[in-house]
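Per numbering that gives the first Met the number 0, the sequence shown starts with residue 0, numbered consecutively.
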Amino acid sequence: MKIAVIGAGKWGSALYDALSVHNECVITSYHNKDIPNFVSTDIALECEYLVFALYAQGSYEWLKNNFKDCDHKILVASKGIDFKSLKFMDEIFMDFIASDRICFLSGPSFALEVLEKKPCALVISGKNKQLCSKFSSFFPKYVKTYISNDVKGAEICGAYKNVLAIASGVCDGLKLGNNARASLVSRGLVEMHRFGRYFNASEETFLGLSGAGDLFLSASSPLSRNYRVGFNLAQNKNLEQILQELGEVAEGVQTAFAIHSLAQKYQIYTPIVNEVVSMLNGKNIQKCVADLMLSKEEIQ
Numbered sequence: 000m001k002i003a004v005i006g007a008g009k010w011g012s013a014l015y016d017a018l019s020v021h022n023e024c025v026i027t028s029y030h031n032k033d034i035p036n037f038v039s040t041d042i043a044l045e046c047e048y049l050v051f052a053l054y055a056q057g058s059y060e061w062l063k064n065n066f067k068d069c070d071h072k073i074l075v076a077s078k079g080i081d082f083k084s085l086k087f088m089d090e091i092f093m094d095f096i097a098s099d100r101i102c103f104l105s106g107p108s109f110a111l112e113v114l115e116k117k118p119c120a121l122v123i124s125g126k127n128k129q130l131c132s133k134f135s136s137f138f139p140k141y142v143k144t145y146i147s148n149d150v151k152g153a154e155i156c157g158a159y160k161n162v163l164a165i166a167s168g169v170c171d172g173l174k175l176g177n178n179a180r181a182s183l184v185s186r187g188l189v190e191m192h193r194f195g196r197y198f199n200a201s202e203e204t205f206l207g208l209s210g211a212g213d214l215f216l217s218a219s220s221p222l223s224r225n226y227r228v229g230f231n232l233a234q235n236k237n238l239e240q241i242l243q244e245l246g247e248v249a250e251g252v253q254t255a256f257a258i259h260s261l262a263q264k265y266q267i268y269t270p271i272v273n274e275v276v277s278m279l280n281g282k283n284i285q286k287c288v289a290d291l292m293l294s295k296e297e298i299q
């Protein structure tokens, strides 16, 4: 089975490596790279099955400028909410391809460990169960896959956890301790679920691999670029400097603003996201922590 991976960053490269175990694969990206089986965008789009691993904020422009639907089947591995349009990834892709030919990949998965072929479990979500199963069959044995029909829940979890990872990085950067981080992450899970509930996402998704699993991973390790953004914010570095030194895309930065805008629009209570946005806008970090501690909620 010939598959094209769109995006040759760390995550796209890890997916390409995993999918190449049992399938013939090619890979492409914005810029030419001197790596095996790198092809032009036009050649990649000749494949029936596409795995999309580009930066979420650039997805619409790439599709608009490059994509021509030839009965493709797409697995979207990008995680984020478009900052400009406030659209979820499924809404962006459905402008170009029918919803029954799109699936979404989520779950705890650092690219480095996937490249090292260490075991992990992921979720493939979509309206077309048969297509989800087809994409599932492409993965090697060290990647265990589950199938779900909760697309919106998977998308929200994948986007929201990156913002919470920034908050967790701040927590560790300030050396607030294990109690504080555990409190932050667990309250973050509640907040993420509250946000998802507005969009009719399934509660089960937030308790599983896509939600709690990916959140616990991203919020607990410097392997997460979003965690590193937060950690460096706590060192009083400015955001522009942090992103320049990072040298990679941290999806949580723009997604924080997107979630904040949606929460304001639909009057959803999101105290952690609110403070992350304030930090990114330059508010004093210690003041953000103090204000978060004073926030009031009706449930535990």
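Virtual Cβ for every residue (Gly too), placed ideally from N, Cα, C.
Query, Result
"Assigned secondary structure, I34 (DSSP; H/G/I helix, E/B strand, else coil)", "coil"
"Residue(s) in a DSSP beta bridge with Y48", "I2, K72"
"CB of F51 within 8 Å of CB of I73, strictly", "yes"
"7 Å CB neighbourhood of S108 in its chain, flanking five on each side removed", "C119, L121"
"Local conformation of T254 per DSSP, three classes", "helix"
"Buried or exposed (CB count within 10 angstroms, at least 16 for buried), I101", "buried"
"Close Cβ partners of K264 (< 8 Å) along its chain, the five nearest in sequence each way excluded", "L85"
"Assigned secondary structure, A233 (DSSP; H/G/I helix, E/B strand, else coil)", "coil"
"Range of the contiguous beta strand (DSSP E) that encloses E115", "No beta strand (DSSP E) holds E115; DSSP gives it neither H nor E."
"Within 8 Å, strictly: CB atoms of N237 and H259", "no"
"Nonlocal neighbours in the same chain, by C-beta distance under 7 Å from Y197, ignoring five residues either side", "Y265, I267"
"Own chain, CB closer than 7 Å to D171, minus 5 neighbours either side, in chain order", "R180, F230"
"Per-residue burial, I284 [other beta carbons within 10 Å of its own, 16 or more giving buried]", "buried"
"Q129 versus K140, P139, Y145, residue with shortest Cα-Cα distance", "Y145"
"DSSP beta-bridge partners of G125", "C102"
"Cα-Cα separation, E247 to R224", "8 Å"
"Separation of V162 from A3, as counted between CA atoms", "29 Å"
"Contact set for C321: own chain, Cβ-Cβ below 7 Å, skip 5 residues either direction", "This structure cannot speak to residue 321, because the chain is shown only from 0 to 299."
"Inter-residue Cα distance where the pair is G79 and G210", "14 Å"
"Proximity to Y54 [Cα-Cα], best of K67, S28, E47", "S28"
"Residue range of the alpha helix (DSSP H) that includes V25", "Unbroken run through V25 is the beta strand (DSSP E), 23-27; no alpha helix (DSSP H)."
"Helix, strand or coil at S277 according to DSSP, with G and I counted as helix", "helix"
"Neighbourhood of I271 by C-beta, 8 Å cutoff - its chain only, sequence neighbours within 5 removed", "V162, L163, A166, L183, R186, G187, E190, L291"
"Residues that Y145 bridges to, as DSSP identifies them", "V122"
"From D99, E23, G176, N235, residue whose alpha carbon lies closest to that of K282", "N235"
"Option in A200, V113, S77 with minimal Cα separation from G251", "S77"
"Sequence-distant residues of its chain with Cβ nearer than 8 Å to Q299 (five each side left out)", "Interpretation of Q299 is limited by its pLDDT of 48, a score under 50 that renders its predicted location unreliable; the figure taken from the coordinates is listed afterwards. So no residue of the chain qualifies."
"Range of the contiguous alpha helix (DSSP H) that encloses A153", "150-172"
"Pick from G168, C24, G57, A43 that is closest to S219, judged by C-alpha positions", "G168"
"Per DSSP, cross-strand counterpart(s) of I80", "F87"
"Cβ-based burial, L293 [other Cβ within 10 Å; buried from 16]", "exposed"
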